[in-house]
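Engineer: Can you keep this structure in mind? I'll have questions shortly.
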Amino acid sequence: MRKEILRLFTIALAVSFVLSSCKKDDDNNDDKKIKLKGFYITNEGQFQKGNGSISFYDKEEDKVNNDVFKNANGGTPLGDVVQSMTIVNDKAVICVNGSNKVVIANSVDMKQIAQIESIKQPRYALKVDDNTVLVSAWGNNGEVHVINLTNNTVTKTVKVGAGAERMVKSGDFVYVANSGGYADNKTVSVIDTKTYTVVKTIDTECFAPISLVKVNDKIAVLCKGKTLYDANWNPIGNEPSYLVMIDASSNTVSAKIKLYDDKHPERIYLSNDGTKFLIGGGFGFTGVFEMGVTSTSISSSALIDKAFYGFSINPENGNIIGFTNAKSGAAKMLRYNPNGTLIKEYDLGFFANNIASEKRK
Amino acid sequence: MLVIIISACSYSVYGQITDTTINMKTVSVVASRLNKFSVGEKIQKIESVDLDKYTSNKIDAVLEQEALVNILNYGTSGLSTIRMRGAAADRTAILWNGFNIQPPMSGETNLFTLPAVFIDQVKLHFGGDGALGGSGAIGGIVEMNNAMKFEKGLFGKVFSGIGSFDTYQFGAKVAYSNAKVASNISVNKQSAENNFTFKNKYDFYKREMTMKNSAYDQLGFAQNNSIKLGERAKLNTFLWVQNSYREVAQQIINIVPDNYEEFVEEDDVRFIAEYKQPLNRWQLDIANMVMHTRMRYNKPSILTDDTHKTLTNDFKVKLYHEFENSNVLGFFVETRGYWINSGKLPDANGYNETYLAGSYKYTTANKRHTAVINLREGYVRNSFTPFIYSLQLNTRLASAVTLKAKFARNYKVPDLNDIYWAGPGAVGNPDLKPERGYSGDVTLGFARMIGDIDVKLDATGYFSDLKDMIIWKEIKSGSSVASVWTPVNYKRVKTLGAELGAKLETDLGLINMALRVSYNYTRPELADSDNENNGNITAYTPLHSGITALDIRYNRYYISYSHRFVGERYTFIDNKNTLDAYSLGNIKAGARIKMLGIAANITASVNNVWNTDYEIREYYAQFPVNYRFGLAFEF
């Protein structure tokens with residue numbers, strides 16, 4: 110009994126904490142619009158341990174509340190490998206990769222609204238409009254699913270390339286990085302959101318397109334490259350990592366810039382002022398590096414000389430949010446200002462990887 | 052106190068005994084060095100008469116219901132392993148007729164692939180003894196033996212079973228023996244769909260779900276011979292061929308697609324030839340085991356289809372000398388060879404291990420006190436293993452009171468995966484040192500007839516200190532190539548524990564009743580001041596566990612009930628999350644009816660009588676209440 114009371118008290122406390130971290134946006138006349146005072150963090154959890162979770166960074170209190178989803182939903186765990194969360198108005202679209210489900214939750218109190226169970230190995234979600242998101246998935250050798258948020262159902266499935274990963278929208282078109290997943294791939298699929306069909310598959314001619322951003326009229330694609338092994342799985346070399354620029358008007362590759370011969374970053378973001386890329390993150394890669402959007406080479410010195418499992422940019426202020434690679438325990442979030450100066454560290458769940466914020470660039 | 056609570060909570064009881072004085076009800080079990088020189092350790096025997104109740108089960112179910120050991124599984128068709136005294140599966144030796152059958156790659160025998168029908172006796176040796184049990188005998192030793200009966204003539208048995216969730220079994224055994232030859236042959240086929248329904252408490256909608264991808268299909272064959280070549284000379288052979296297909300049950304926290312596919316296929320062939328020759332007061336035993344294992348793991352969703360093959364040859368020479376005063380001296384040589392064919396162990400083509408060992412048992416003239424010293428030294432992969440020894444003592448303090456004590460140095464050489472594994476992001480470490488440590492225990496036993504009741508009590512306290520435990524860690528973060536996980540000698544775990552056992556048995560006319568109660572306290576702690584989890588309890592080890600049982604036999608009928616309690620368990624070394632404690636009840640009943648010269652054995656069991664919703668590992672569903680019926684004809 111005592112344990113139950115304690116559990117209920119903890120849940121109530123956590124939910125109230127998240128709710129207290131949110132308030133109505135005074136600048137918005139729409140009463141339904143509630144602005145989060147902070148951002149969410151997805152913690153993948155340990156593989157096959159089912160302990161993926163979501164944390165909330167409360168910027169007013171300057172603290173992190175962990176396990177907000179589980180606490181808001183009567184102790185129901187979220188699942189295995191919580192890959193990403195995307196906020197669309199008052200809904201949070203959570204891709205739980207290892208559990209083969211997409212959870213739709215209220216973005217304010219994290220209470221679950223619906224669960225989509227037909228998507229295998231979902232990875233990332235992208236808002237198309239207020240009622241539509243696309244979800245990339247590794248299942249069936251690479252798919253993108255169109256989800257109607259009014260009834261939380263999949264309305265169409267589009268076949269793309271293996272290891273469909275991050276997406277970015279430019280006009281009516283969505284660009285999908287096909288990372289290869291468990292195999293190799295070098296392509297970016299272009300989906301027309303008017304018909305939800307693939308209108309072009311662009312060969313980047315470099316291994317593992319994994320992350321992309323839109324800059325002006327171009328799509329910047331980060332190709333991770335890969336480590337090569339001999340028959341005995343000894344590392345014997347590398348396929349380089351590249352930055353590939355795609356001209357969004359013609360959907361052709363306009364530039365291909367080698368980043369590293371033997372290193373494999375996994376994330377690319379555009380700085381808040383739109384003048385430079387920030388590149389880094391991933392297993393085995395140390396540092397966050399800057400690169401001008403028109404530059405032909407990446408900075409040789411790191412803005413932040415730290416190995417991050419994942420990192421993100423806070424779209425509200427440009428702060429860099431790094432997540433240390435958890436080796437034996439829970440991860441830490443390191444919050445830096447845009448100049449790379451460390452502000453503060455926070456404890457998180459296992460294998461934190463991304464943030465989810467209301468504001469998108 | 053907990054023992055009393057467990058007893059009081061039970062409607063009736065059945066189960067385990069930690070008795071070292073039960074006489075075997077079968078004959079001619081292969082005597083091993085382990086049996087000759089284990090005088091100071093706690094041993095539990097599960098005899099053929101008890102194993103007969105588990106014809107349709109695997110060894111994991113036998114141990115789970117008969118013994119107070121920790122059986123861990125990944126769901127109802129998954130990998131099922133044993134933990135003794137808090138030590139992990141590859142730190143518990145699994146012996147078949149005196150040979151260690153732990154697979155050399157992982158070091159973890161899947162007890163789910165060992166049907167109980169092929170085994171005649173199980174003995175559990177609690178606590179480490181590296182000198183007797185060899186590498187990995189840290190938490191204890193599980194000894195499975197075949198008994199060869201002479202002068203029994205021709206015997207035949209056909210058995211079948213049916214159970215919940217489309218469980219089927221069919222098998223047969225034929226045995227023949229005269230004064231000089233004993234031979235038997237057995238075949239066993241078992242399968243189950245395991246498509247049970249369960250209420251998924253982790254599902255957001257709390258739906259009732261049907262288990263998917265949890266079926267298994269097993270076919271086994273055994274052929275054993277024993278030939279007396281003289282007064283004490285004997286040739287034994289044992290053959291066990293086992294095929295197993297099992298789907299890999301998924302965590303119930305995940306959505307499992309209808310067409311989901313993930314399975315493991317295993318083929319095991321084990322053959323032992325043993326020759327025993329007396330030489331005056333000397334006894335020479337020469338034995339050899341050949342073990343071939345093929346394991347295929349298939350998971351199409353991640354493009355994985357790996358096959359691993361290993362061939363093990365284990366050759367032993369044992370020479371005993373029994374002195375006139377009953378003291379015994381023994382010398383032993385063992386050499387094991389491994390050949391590996393695995394895409395994940397490309398550099399592990401083969402290697403040898405050689406061990407020398409000696410034992411001496413001293414018994415006082417009045418036979419009240421016995422002491423044993425065991426020694427062992429090994430040469431493995433071009434280096435010597437730690438020098439290993441154990442000291443055992445057995446002394447009768449009073450007519451009904453016995454004191455046993457054991458102090459042992461233990462070790463475990465790295466498994467082949469630890470040394471040779473090669474894959475993207477994970478490589479073995481050829482520089483690993485053997486794990487090493489110490490353990491000790493003291494057991495006080497009491498055995499006396501009090502009125503018409505045979506009373507046996509025992510109490511054991513034990514410790515273990517294991518250093519250089521092998522743990523996989525990420526070591527190359529930030530290097531020029533991808534991060535690499537590799538095993539390192541890293542952790543130290545200290546364990547303290549206590550075990551209490553009681554058995555009361557009486558005959559009321561034709562009715563025999565046995566009440567058994569056991570309780571374990573196990574506390575394995577991480578001892579590493581540099582680790583943030585220092586002092587925490589290792590995962591999946593209950594601090595408290597207990598089993599209580601009642602066994603009633605009347606003429607040709609029996610009924611038994613066991614009730615098992617497993618306390619809260621941490622799911623990770625950070626000790627932040629626990630699995631709830633649970634209690635399980637099981638009923639077994641049987642009758643033997645004889646008509647027209649044919650004996651029919653009818654058995655029935657109700658497992659998980661109280662329909663407990665429980666987890667052994669987090670997020671893996673276990674069986675709800677389920678039923679098994681068996682029918683066997685003997686002729």
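Going down the list, the protein sequences come from chains Z and A.
Here the first sequence stands for residues 110 to 470, numbered as in the numbering used here.
Here the second sequence stands for residues 52 to 686, numbered as in the numbering used here.
All residues carry an ideal CB built from backbone N, CA and C; glycine is no exception.
Computed from a predicted model, the values in this text were never measured in an experiment.
What does the Cβ neighbour count give for V478 of chain A, buried or exposed, with the cut at 16 atoms within 10 Å?
Structural biologist: By the 10 Å Cβ count, V478 of chain A comes out buried.
Engineer: How about Q673 of chain A: is its C-beta nearer than 8 Å to some C-beta of chain Z?
Structural biologist: For Q673 of chain A, the answer is no, since every Cβ of chain Z falls outside 8 Å of its Cβ.
Engineer: Could you spell out the range, first to last residue, of the beta strand (DSSP E) harbouring I407 of chain Z?
Structural biologist: First-last for I407 of chain Z: undefined, no H or E at that position.
Engineer: Excluding the 5 residues preceding and the 5 following M547 of chain A in the sequence, name in chain order all residues of the same chain whose CB lies nearer than 7 Å to its CB.
Structural biologist: Checking the sequence, you will find Leu at residue 547 of chain A rather than Met. Hits under 7 Å: F514 and R574.
Engineer: Which class does A553 of chain A belong to by DSSP, given the choice of helix, strand or coil?
Structural biologist: The answer is strand: DSSP assigns A553 of chain A an E or B state.
Engineer: Strictly below 7 Å CB to CB, what residues from chain Z border Y670 of chain A?
Structural biologist: Here the neighbours are G159.
Engineer: Using alpha carbons as the reference points, say which of Z:S298, Z:Y233 and Z:L352 lies closest to L243 of chain Z.
Structural biologist: Here the closest residue by C-alpha is Z:Y233.
Engineer: Quick one: which unbroken beta strand (DSSP E) runs of 3-plus residues sit fully inside the stretch 302 to 373 of chain A? Chain order, please.
Structural biologist: Those beta strand (DSSP E) runs which fall completely within the stretch 302 to 373 of chain A and span 3+ residues are 314 to 330, 333 to 350 and 355 to 373.
Engineer: For the stretch 208 to 237 of chain Z, enumerate the residues whose C-beta is nearer than 7 Å to any C-beta of chain A, in chain order.
Structural biologist: So the list reads S208, N209, K210, Q221, Q224, E226 and K229, given in the order they occur along the chain.
Engineer: Which parts of the stretch 151 to 197 of chain A are runs of the alpha helix (DSSP H), unbroken and 4 residues or longer, counting only runs that do not cross its ends?
Structural biologist: As far as the stretch 151 to 197 of chain A is concerned, its whole alpha helix (DSSP H) runs of at least 4 residues are 181 to 184.
Engineer: Quick one: is the Cβ of I256 of chain Z within less than 7 Å of any heavy atom of the ligand MN?
Structural biologist: The ligand MN is not part of this structure, which contains no ligands at all.
Engineer: Considering only their Cβ atoms, is the gap separating V330 of chain Z from A286 of chain Z smaller than 8 Å?
Structural biologist: A contact, by the Cβ cut-off of 8 Å.
Engineer: DSSP three-state call for F514 of chain A: helix, strand or coil?
Structural biologist: F514 of chain A falls in the strand class under three-state DSSP.
Engineer: Can you confirm whether the stretch 131 to 143 of chain A touches the stretch 162 to 173 of chain A when touching is taken to mean that 3 or more C-beta pairs between the two stretches lie within less than 8 Å?
Structural biologist: At 8 Å Cβ cutoff, the stretches touch.
Engineer: Determine, for P308 of chain A, whether the minimum Cβ-Cβ distance to residues of chain Z falls below 8 Å.
Structural biologist: For P308 of chain A, the answer is yes, since a Cβ of chain Z falls inside 8 Å of its Cβ.
Engineer: What are the boundary residues of the alpha helix (DSSP H) that V113 of chain A is part of?
Structural biologist: Its alpha helix (DSSP H) spans residues I110 to E117.
Engineer: Tell me which same chain residues have a C-beta within less than 6 Å of the C-beta of F366 of chain A, skipping the five on either side of it?
Structural biologist: For F366 of chain A, where only same-chain residues beyond five positions count, the Cβ hits under 6 Å are N339 and T386.
Engineer: Using a Cβ-Cβ cutoff of 8 Å, what residues of the stretch 284 to 298 of chain Z are near chain A? List them in chain order.
Structural biologist: Here the close residues are Y291 and A292.
Engineer: Can you find the residues in the same chain that come closer than 8 Å, C-beta to C-beta, to L594 of chain A, ignoring five residues on each side of it along the sequence?
Structural biologist: Here the set comprises Y572, T573, R574, I588, G618 and E619.
Engineer: Along the stretch 585 to 607 of chain A, where does the CB come closer than 9 Å to a CB of chain Z? Name the residues.
Structural biologist: Correct list: empty, as no residue qualifies.
Engineer: If you draw a straight line from the alpha carbon of E317 of chain A to that of V212 of chain Z, how long is it in whole angstroms?
Structural biologist: If I take the Cα positions, the gap works out to 37 Å.
Engineer: Quick one: is T185 of chain Z near chain A, going by C-beta distance under 8 Å?
Structural biologist: Yes, its Cβ sits closer than 8 Å to a Cβ of chain A.
Engineer: Are at least three pairs of beta-carbons, each pair with one atom in the stretch 259 to 276 of chain Z and one in the stretch 219 to 229 of chain Z, less than 8 Å apart?
Structural biologist: Segments in contact, yes.
Engineer: Quick one: what's got a C-beta closer than 8 Å to D136 of chain Z's C-beta in the same chain, skipping five residues either side?
Structural biologist: Because D136 of chain Z carries a pLDDT of 39, less than 50, the predicted location of this residue cannot be relied on, and the following value inherits that uncertainty. Within the same chain, D136 of chain Z has no close Cβ partners at all.
Engineer: What's the gap between the Cα of S712 of chain A and the Cα of D171 of chain A?
Structural biologist: Past the boundaries of the shown model lies residue 712 of chain A; chain A is included only from 52 to 686, so the question cannot be answered.
Engineer: Use the C-beta contact count for P481 of chain A: other C-beta atoms within 10 angstroms, 16 or more gives buried, fewer gives exposed.
Structural biologist: With fewer than 16 Cβ atoms within 10 Å of its Cβ, P481 of chain A is classed as exposed.
Engineer: Over what stretch of residues does the beta strand (DSSP E) that includes A565 of chain A continue unbroken?
Structural biologist: Taken as a continuous stretch (DSSP letters only), the beta strand (DSSP E) holding A565 of chain A covers I562 to L577.
Engineer: Mind checking whether M156 of chain A and L362 of chain A have CB atoms under 8 Å apart?
Structural biologist: Their beta carbons are not under 8 Å apart, which means M156 of chain A does not touch L362 of chain A by this criterion.
Engineer: Ends of the beta strand (DSSP E) at N425 of chain A?
Structural biologist: That run of the beta strand (DSSP E) goes H420 to V431.
Engineer: Skipping 5 residues on each side, what residues in its chain have a beta carbon closer than 8 Å to that of C332 of chain Z?
Structural biologist: Cβ within range, chain order: K295, T313, C315, F316, A317, P318, I319, S350, Y351, L352 and V353.
Engineer: Between G147 of chain Z and L187 of chain Z, is the Cβ-Cβ spacing less than 8 Å?
Structural biologist: No. Outside cutoff.
Engineer: Can you tell me the Cα-Cα spacing of R91 of chain A and M195 of chain A, whole angstroms?
Structural biologist: Looking at the sequence shown, residue 91 of chain A is not Arg but Gly. Going from the Cα of G91 of chain A to the Cα of M195 of chain A covers about 20 Å.
Engineer: Identify whether Y678 of chain A lies in helix, strand or coil by the three-state DSSP scheme.
Structural biologist: It is a strand residue.
Engineer: Near S107 of chain A, which residues of its chain fall below 6 Å by C-beta distance, leaving aside the five closest residues on each side in sequence?
Structural biologist: The residues are G212, Q220, R679 and G681.
Engineer: Which two residues bound the contiguous beta strand (DSSP E) that contains A266 of chain A?
Structural biologist: From DSSP, A266 of chain A is part of no beta strand (DSSP E); its letter is neither H nor E.
Engineer: Which class does I150 of chain Z belong to by DSSP, given the choice of helix, strand or coil?
Structural biologist: If DSSP states are grouped into helix, strand and coil, I150 of chain Z belongs with the strands.
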